[in-house]
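Visitor:
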Amino acid sequence: MHPKITSRWFLLLALLAGVFNTAASSLAPQPGAAPARPSEVTAYDLIIAMNTLRVSYGHPALVEDPIINAVAQSTAEIMAASQMSWHIGNVSGRIASAGYGGGGKVFATENFAVGFMSIDEIMVAWSDESHMFPAANAAYCNIGAGVAHSSNGRTYYVLQAAYVSGKACGEYTSTGGTSNSSGSSTSGGNTSGVPQWIIPVKIATADADGKVYHVVEAGQSMWAIAVAYKITIKDLQTWNNLPKDSKLQIGQRLFIPGSNTEGYSTPTPVGMVQISTPDQDGKIIHTVEAYQTLSTISQAYGVKLDAILALNGIQAEWPLQIGQKLLINPGSVTPSPTPRPLTPIEKLTPGADGKYYHMVRSGESLSWIAGLYGVQVIDLMSWNGLNEASILQPNQKLLLQVTPPATATSTPGPPTAASTATDVPPTPTPTSTQVVVTLTPAIPVQSTTPDGFPAIAWLALAGLAAGGLFFVGFMVRKKQG
Numbered sequence: 011m012h013p014k015i016t017s018r019w020f021l022l023l024a025l026l027a028g029v030f031n032t033a034a035s036s037l038a039p040q041p042g043a044a045p046a047r048p049s050e051v052t053a054y055d056l057i058i059a060m061n062t063l064r065v066s067y068g069h070p071a072l073v074e075d076p077i078i079n080a081v082a083q084s085t086a087e088i089m090a091a092s093q094m095s096w097h098i099g100n101v102s103g104r105i106a107s108a109g110y111g112g113g114g115k116v117f118a119t120e121n122f123a124v125g126f127m128s129i130d131e132i133m134v135a136w137s138d139e140s141h142m143f144p145a146a147n148a149a150y151c152n153i154g155a156g157v158a159h160s161s162n163g164r165t166y167y168v169l170q171a172a173y174v175s176g177k178a179c180g181e182y183t184s185t186g187g188t189s190n191s192s193g194s195s196t197s198g199g200n201t202s203g204v205p206q207w208i209i210p211v212k213i214a215t216a217d218a219d220g221k222v223y224h225v226v227e228a229g230q231s232m233w234a235i236a237v238a239y240k241i242t243i244k245d246l247q248t249w250n251n252l253p254k255d256s257k258l259q260i261g262q263r264l265f266i267p268g269s270n271t272e273g274y275s276t277p278t279p280v281g282m283v284q285i286s287t288p289d290q291d292g293k294i295i296h297t298v299e300a301y302q303t304l305s306t307i308s309q310a311y312g313v314k315l316d317a318i319l320a321l322n323g324i325q326a327e328w329p330l331q332i333g334q335k336l337l338i339n340p341g342s343v344t345p346s347p348t349p350r351p352l353t354p355i356e357k358l359t360p361g362a363d364g365k366y367y368h369m370v371r372s373g374e375s376l377s378w379i380a381g382l383y384g385v386q387v388i389d390l391m392s393w394n395g396l397n398e399a400s401i402l403q404p405n406q407k408l409l410l411q412v413t414p415p416a417t418a419t420s421t422p423g424p425p426t427a428a429s430t431a432t433d434v435p436p437t438p439t440p441t442s443t444q445v446v447v448t449l450t451p452a453i454p455v456q457s458t459t460p461d462g463f464p465a466i467a468w469l470a471l472a473g474l475a476a477g478g479l480f481f482v483g484f485m486v487r488k489k490q491g
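Position one of the sequence shown corresponds to residue 11 (this note's numbering), numbered consecutively onward.
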């Protein structure tokens, strides 16, 4: 072979080797690269998690419905495509239009969450009263869910529950949708062969030593197991030496702490309210815990919901916060008059720039925030350069171009005497003050003679005497002349 040709072949081979080496190095894991994202929550995870909580409320599990699954999946895809941060609206109408209910009156509810979240994070975000309808309301019969991804990398999770008016659960069955051979809906994301009836976590029995161990099964999450055993996720992690971001494995044994476990304090059962003890004056204050709602707290204490709202100056649609203190009974002490509760707009504190802002919390939407402050959604979007496709982030600051009304202030007391330029210490007893009059020229004048006769009388007599002498002298001279 010609030397020039040989050198060209070597050059070509070296070039190809460099290309393959570069490609291989780009595919290999790089030091410091971001770890792979955990496995995503499926629609079926949403369904089994909500049903687990529903069973803890004492209600039968909801039946997964193919039509609701299809509507929920379509809703998730539409919201992801538009990157929405609010509900599409009329969920009952959308589900009925898809064929659910067979023409009957349909009632439905819808939950959604946005982000890349674990099933535990999603269910905690849905723990307020309005999101707990599928679990707490016995009227609902069917359930469906959907998951979709938006172009900005965020995930949309949608769960819907519904029932047909006038029909008992089980009396109506949807005929639409497609199902796999096991009878479970493929649109719901269930590929494990579990039937339509969602089976909750089965409670394990104690062993000979009185200890309880749960064996993880397919589709079970940390949250579902914690709810079933009425403990917290933190308890599961602590007593099983699990890191916060650990993933459960099928067949994994988890120790379940209980009331007989040394060093363990049994928490408040999920969905129940631990009654607070009144103080010596009969005053009762309740501390809100996870998964509690205004209605469950009202029922637990036997106090009307309106009374709790009035005592705490809150509204029924305001979400509760974990750790929030609620006055249940003011007790026998007569409360001192207090001003009316401040409205959300009156509670605003100006920032360093003198403007007012709202800090977004998880689960809040533009429409909810606008309603909270009594402003128009279009104005809220305009103030912050947002549009209908904008996604709100937790801890995001939203500008509020509002002027909080003046709050009531205490009435001032009667005016006090104005102080002089030089403060004079008060005397123990009031005394009359002597007025000294300065005359011009500044010659001191005695007001009385030593014997007490008025000086002005002496002057008058002297004047009369002088005048008389002058008159006598004048008359004598006149006669002589």
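Built from N, CA and C at the ideal position, the CB exists for glycine as well.
Just so you know, these numbers come straight off a predicted model, no measurement behind them.
Does the segment 165-178 come within contact of the segment 114-121, defined as at least 3 CB pairs closer than 8 Å?
Guide: They touch, by the three-pair rule.
Visitor: Report the CB separation of V124 from R64 in whole angstroms; it is logged as a contact under 8 Å.
Guide: At roughly 23 Å, the Cβ-Cβ gap does not stay under 8 Å, so V124 and R64 are not in contact.
Visitor: Around the C-beta of E181, are 16 or more other C-beta atoms found within 10 angstroms, so that it is buried, or is it exposed?
Guide: Exposed is the call here.
Visitor: Would T297 and K335 be called neighbours here (beta carbons separated by less than 8 Å)?
Guide: In contact: T297 and K335 (Cβ atoms closer than 8 Å).
Visitor: Give the C-beta separation of E139 and T303 to the nearest angstrom, bearing in mind that I take them to be a contact with Cβ-Cβ under 8 Å.
Guide: Going by Cβ atoms, the distance from E139 to T303 rounds to 4 Å, so yes, they are a contact pair.
Visitor: What residue range is occupied by the uninterrupted beta strand (DSSP E) comprising N394?
Guide: Not the beta strand (DSSP E): N394 falls in the alpha helix (DSSP H), residues V387 to N394.
Visitor: With DSSP as the reference, label Y367 as helix, strand or coil.
Guide: Correct three-state label for Y367: strand.
Visitor: Note down, in chain order, each residue of its chain lying with its Cβ closer than 8 Å to the Cβ of Y274, except the 5 sequence neighbours on either side.
Guide: Once the five neighbours on either side are set aside, the close Cβ partners of Y274 are D245, W249, P267 and G268.
Visitor: Going by beta carbon distance, what residues of the same chain come within less than 6 Å of L408, once the five residues before and after it are set aside?
Guide: Hits under 6 Å: H368 and N394.
Visitor: If you run the structure through DSSP and keep just helix, strand and coil, what is L330?
Guide: Residue state, collapsed to three classes: coil.
Visitor: D461: buried (16+ other C-beta within 10 angstroms of its C-beta) or exposed?
Guide: Low per-residue confidence applies at D461: pLDDT is 47, beneath 50, and the placement is therefore not dependable, though the value from the model is reported in the following sentence. By the 10 Å Cβ count, D461 comes out exposed.
Visitor: Whole angstroms is fine: what's the gap from A158's alpha carbon to S92's?
Guide: Roughly 12 Å separates the two Cα atoms.
Visitor: Is there a C-beta anywhere in chain D that falls below 8 Å from the one on I266?
Guide: Annotation note: the requested chain D is absent from the structure, which comprises a single protein chain.
Visitor: Could you tell me how far apart the beta carbons of S502 and D363 are, in whole angstroms, since I believe they sit closer than 8 Å?
Guide: For the chain, the structure presents residues 11 to 491; residue 502 sits outside this window and is missing.
Visitor: To the nearest whole angstrom, what separates the beta carbons of H224 and L169, a pair I think is in contact under 8 Å?
Guide: Not a contact, Cβ separation roughly 25 Å.
Visitor: Rounded to whole angstroms, what is the Cα-Cα separation between S128 and V51?
Guide: Whole-angstrom Cα-Cα distance: 6 Å.
Visitor: Can you check whether the CB of L402 is closer than 8 Å to the CB of E374?
Guide: It is a contact, given that the beta carbons lie within the stated cut-off.
Visitor: Taking a contact to mean a Cβ-Cβ separation below 8 Å, would you say L321 touches L337 in this structure?
Guide: Yes. Within cutoff.
Visitor: Going by DSSP in three states, T297 sits in which element: helix, strand or coil?
Guide: The answer is strand: DSSP assigns T297 an E or B state.
Visitor: Kindly identify the DSSP beta-bridge partner or partners of F117.
Guide: For F117, which the question treats as bridged, DSSP gives the partners Y173.
Visitor: Rounded to a whole number of angstroms, what is the C-alpha to C-alpha distance between T183 and I78?
Guide: Looking at the two C-alpha atoms, the distance is approximately 12 Å.
Visitor: Which parts of the segment 243-267 are runs of the alpha helix (DSSP H), unbroken and 4 residues or longer, counting only runs that do not cross its ends?
Guide: Whole alpha helix (DSSP H) segments, 4+ residues: 243-249.
Visitor: Report the rounded CA-to-CA distance for K221 versus L352, giving the unit in angstroms.
Guide: Their backbone Cα atoms lie some 51 Å apart in a straight line.
Visitor: How big is the Cα-Cα spacing for I318 and N147?
Guide: If you take the alpha carbons of I318 and N147, they lie about 21 Å apart.
Visitor: Thinking C-alpha only, which one of L410, A380, G384 and N405 is nearest Y366?
Guide: Checked all of L410, A380, G384 and N405; the closest Cα to Y366 is L410.
Visitor: Give the range of the beta strand (DSSP E) segment to which L410 is assigned.
Guide: That run of the beta strand (DSSP E) goes K407 to L410.
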